[in-house]
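A.B. asks: Residue numbers (this note's numbering): 16 to 318.
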Ligand SMILES: [Fe+2]
Ligand SMILES: [Fe+2]
C-alpha cells in the first residue's frame, strides 16, 4: 500500500523522532546488557550525588527545544481537543502490518545506514520480548507499541506525538525532565490546575486522569478492544517515565494501577534496551507476525 500516499515529514526541532527515544534511553538505561533486553536498571542507591550525570545539561539543543515546545503547549485544553479529534477514530481503516508500513513512510533526517527504521524498532522490541519467552499478547503489544507515531503523518508536530508523558490539570512533578519549561504553559496561570491533585481526586485511578497527548494514548484507544488489560497499561503509559521510573504521581494511582504498573515496567526494559545494532530481517519475520496479529486483530481496524 501507500505508494500513492504523499510522504510526510515529522515537524519539529528533532532530526528524527528517535532523538527523543535516544535521550530517554541515555537517561534511564544506565547499563546496557550484553544482548537482548535483560536487566532492569534502577537508580543505584549507593551512588553519590555528584556521580549522577546531568542529562539536561548534556542534552542537545534540539532535544531541549523539543521539550520546551512540549511543556509549553501541552495544556489540559489541548489534550481534551486532541482526544475529541482523534479518539472517534474515523480517519482510516487499516490492518496492523499495514499501519507498520504506513509509519515507515514517515520521512525524517535520520541516517538509514545507522538508525533503525520504525518497523525495525518495533520488531526489535517484540523479538527481544519473544526471546525472553513472554506470552503472545505481550510480544504483540511490543510490536505495536509505537504505532501511534503515525500521528506525525497526519500533521501533528513532534511535541504532540512523543515525549515523556504527564498528567494535565494538576501540578507538574518537579521530576519531569526540563520542568522549568512549564513556566510558559498557560495552565501555570490556572490555580485549580496547580494543586497536587488538581481537577482529580486522591487515588482516583489513572483512567480518570488526562495525560499529555501523544502516541501512547492514541495507540491504547486504537488497540484496547483486542488486547488484555495488562497490554492496555503497557501501551498507554509506556512513556509515563515520571511515574514508572521516577515514582511520581502515586497519589493519583489506584491500587489496581500499582499492580498493573508491573507490566509497564516489564515492558519498558524492552523499549529501552532493544535498540541494538543488529537489524531484524523484516521479510523473514513477517509470516510469524502476520499470524500473531491475526490471532488478536481483525484484518482492518479503525484509526
Ligand atoms: Fe513509544
Ligand atoms: Fe518504543
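Note that beta-carbon positions come from the ideal geometry of N, C-alpha and C, so glycine has one too.
None of these values were measured; they are calculated from a predicted model.
#1: Where do the ends of the alpha helix (DSSP H) carrying residue 223 lie?
#2: Mind checking which residues open and close the alpha helix (DSSP H) that includes residue 268?
#3: Using CA coordinates, which residue listed in 103, 43, 36 is at the minimum distance from residue 78?
#4: Could you tell me whether the stretch 140-159 touches the stretch 216-228, where touching means 3 or more Cβ pairs closer than 8 Å?
#5: Quick check: residue 231 and residue 251, are their CB atoms within less than 7 Å of each other?
#6: What does a CB cutoff of less than 7 Å around residue 197 pick up in its chain, not counting 5 residues either side in sequence?
#7: Please write down, chain order preserved, every residue whose beta carbon lies under 5 Å from a heavy atom of ligand 2.
#8: Please confirm if the stretch 149-166 is in contact with the stretch 224-239, defined as three or more CB-CB distances below 8 Å between the two stretches.
#9: Which residue wins for smallest C-alpha separation from residue 136, given the options 287, 241, 272?
#10: So, using beta-carbon positions, are residue 183 and residue 94 closer together than 7 Å?
#11: Going by beta-carbon coordinates alone, are residue 30 and residue 124 separated by less than 7 Å?
#12: Drop a sphere of 10 angstroms on the beta-carbon of residue 131, count the other beta-carbons inside from all chains shown, and report buried for 16 or more, exposed for fewer.
#13: Between 118, 108, 279, which lies nearest to residue 315 when the distance is taken from Cα to Cα?
C.D. replies: Per the coordinate set shown:
#1: Here residue 223 belongs to no alpha helix (DSSP H), and DSSP marks it neither H nor E.
#2: That residue, residue 268, is in no alpha helix (DSSP H); it is neither H nor E in DSSP.
#3: 36
#4: no
#5: yes
#6: 86, 187, 203
#7: 161, 286
#8: yes
#9: 287
#10: yes
#11: yes
#12: buried
#13: 108
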